[in-house]
Amino acid sequence: MADKGTLARNLLLLNALGVVCAAASEAGLKLVLLKGAALLAKGVYGPGERGMTDLDLLIRPEDEKAFDAMLTGLGFKPMENSSQAYYKITAPAAPPVIVDLHTGLWHEKDTGALWRRAEYAGPGMELPPGRRQPADKSLCGENAAAEVRPRAAQNRAKAGPVRNAPPKTERRQSPGGNTAAETIEVAVLGLEDQLLHLASHTLLYHGCLATRTLQDIGRLLEFVYGKAERGDFWRKAAAIAEDGKLKPVLYPVLSRFSTARPGLMSAEELSAFEPRGADKLKNHFFEKAAVKHTRLLEYLLPVLYRPSLFARYLFPGRIFLKKRYGKNSWTNHIRRPFQLITAILKKED
Numbered sequence: 018m019a020d021k022g023t024l025a026r027n028l029l030l031l032n033a034l035g036v037v038c039a040a041a042s043e044a045g046l047k048l049v050l051l052k053g054a055a056l057l058a059k060g061v062y063g064p065g066e067r068g069m070t071d072l073d074l075l076i077r078p079e080d081e082k083a084f085d086a087m088l089t090g091l092g093f094k095p096m097e098n099s100s101q102a103y104y105k106i107t108a109p110a111a112p113p114v115i116v117d118l119h120t121g122l123w124h125e126k127d128t129g130a131l132w133r134r135a136e137y138a139g140p141g142m143e144l145p146p147g148r149r150q151p152a153d154k155s156l157c158g159e160n161a162a163a164e165v166r167p168r169a170a171q172n173r174a175k176a177g178p179v180r181n182a183p184p185k186t187e188r189r190q191s192p193g194g195n196t197a198a199e200t201i202e203v204a205v206l207g208l209e210d211q212l213l214h215l216a217s218h219t220l221l222y223h224g225c226l227a228t229r230t231l232q233d234i235g236r237l238l239e240f241v242y243g244k245a246e247r248g249d250f251w252r253k254a255a256a257i258a259e260d261g262k263l264k265p266v267l268y269p270v271l272s273r274f275s276t277a278r279p280g281l282m283s284a285e286e287l288s289a290f291e292p293r294g295a296d297k298l299k300n301h302f303f304e305k306a307a308v309k310h311t312r313l314l315e316y317l318l319p320v321l322y323r324p325s326l327f328a329r330y331l332f333p334g335r336i337f338l339k340k341r342y343g344k345n346s347w348t349n350h351i352r353r354p355f356q357l358i359t360a361i362l363k364k365e366d
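Those letters in the sequence shown? Residues 18 to 366, by the numbering used here.
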């Protein structure tokens with residue numbers, strides 16, 4: 018059942034998403050929806066069934082500056098203490114619209130593979146005629162630049178490959194008359210990648226296992242089984258996890274899900290994700306985080322999975338420093354490692 022507060026918040030965000038996608042389409046910029054935005058656009062959830070706090074978008078690293086300029090032109094401002102998030106106040110009583118840009122995802126070492134496996138969400142995002150406004154208008158009220166209407170899952174056609182394309186805008190005949198509705202075709206992660214991202218995200222980024230993670234996995238699998246052959250889906254997901262050495266991250270999550278929802282993930286399907294050899298040691302730490310969050314594990318787990326992240330943690334690039342600290346200076350280069358060490362050693366609340 019849809020919650021009115023959740024629905025209102027989601028419509029605000031989805032409305033903003035329509036504006037961003039339209040601007041990206043006009044600029045020839047590519048993006049892929051992630052997490053809640055992807056689940057709603059794909060039809061896994063209805064508009065008011067799952068709350069969203071922000072819009073997570075995967076973009077190409079070479080397009081980061083162009084997206085910065087585009088969002089600024091749409092009235093967004095950089096968020097404080099963030100290198101890739103932007104916000105916009107649309108109304109005094111409304112929460113801010115937040116857009117979080119990602120040039121890569123920690124769980125997938127080959128970002129290019131995410132783009133190759135991405136797919137279109139389907140014809141579910143409509144820009145009704147007469148509602149398109151110049152890009153710098155407000156994102157809400159009478160000046161709304163887009164009204165996004167996710168369709169129900171049962172009305173969606175099976176998505177095709179995205180082929181690295183930007184969001185596509187087209188006009189199609191409305192069901193009830195001669196009015197042509199403008200639609201934007203947006204990309205989402207492939208279904209297997211959505212599963213792996215959902216299952217690994219909170220452990221890798223937050224050092225804990227969130228209740229909503231298991232709920233999202235359940236809804237996604239129910240959707241998948243109505244669209245794809247179950248065995249084929251699990252074989253592809255397991256192959257991606259094997260190639261990315263992701264099993265130690267996934268197993269604490271999927272084992273709990275399989276126990277709770279055996280009808281959606283059998284013991285045999287789970288066995289394909291069981292860590293072996295040295296991965297069992299890594300899995301031990303992720304299992305501890307799934308039981309109880311600690312600040313040390315929150316910082317340790319990403320480095321345990323991808324050791325190269327340690328250097329990126331301590332010595333990020335000049336763009337990160339400029340966005341996070343205001344300028345790229347030698348003092349901020351020194352400040353960063355000490356700030357991280359202080360955060361790790363800080364006493365638990």
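Glycine is no exception: its CB is placed at the ideal position from the N, C-alpha and C atoms.
I'd like to confirm the pairing. Which residues does DSSP put opposite residue i in its beta bridges?
i	result
Asp85	Asp85 pairs with nothing; no bridge assigned.
Leu74	Leu50, Leu118
Val205	Leu50, Glu136
Pro269	BP columns for Pro269 are empty, so no partner.
In angstroms, rounded to a whole number, what distance separates the CA positions of residue i and residue j?
i	j	result
Lys21	Gly65	7 angstroms
Gly53	Ala138	13 angstroms
Gly29	Ala204	The sequence shown places Leu at residue 29, rather than the Gly named in the question. Looking at the two C-alpha atoms, the distance is approximately 20 angstroms.
Ala40	Met87	7 angstroms
Ala33	Ala295	45 angstroms
Ala111	Gly90	21 angstroms
Phe302	Leu314	8 angstroms
Gln232	Arg312	25 angstroms
Ala44	Val116	18 angstroms
Ser272	Leu287	7 angstroms
Ser217	Ile106	31 angstroms
Ala102	Ala284	39 angstroms
Leu220	Ala108	34 angstroms
Met69	Arg26	7 angstroms
Leu51	Gly35	15 angstroms
Ala256	Val37	34 angstroms
Ile234	Leu215	7 angstroms
Which stretch, first to last residue, makes up the beta strand (DSSP E) that contains residue i?
i	result
Tyr103	102-105
Could you check whether residue j and residue i sit closer than 9 angstroms to each other, using their CB atoms as the reference points?
i	j	result
Tyr222	Pro324	no
Leu208	Glu259	no
Phe240	Lys264	no
Ala267	Leu237	For the record, residue 267 in the displayed sequence is Leu; it is not Ala. Not in contact: Leu267 and Leu237 (Cβ atoms no closer than 9 angstroms).
Thr16	Glu81	Residue 16 lies beyond the stretch modelled for the chain, which goes from 18 to 366, so this question has no answer here.
Ile76	Leu56	no
Taking residue i as part of the alpha helix (DSSP H), name the residues at either end of that continuous run.
i	result
Trp251	247-260
Asp296	296-308
Tyr322	312-322
Gly235	228-242
Glu286	284-288
Ala40	21-44
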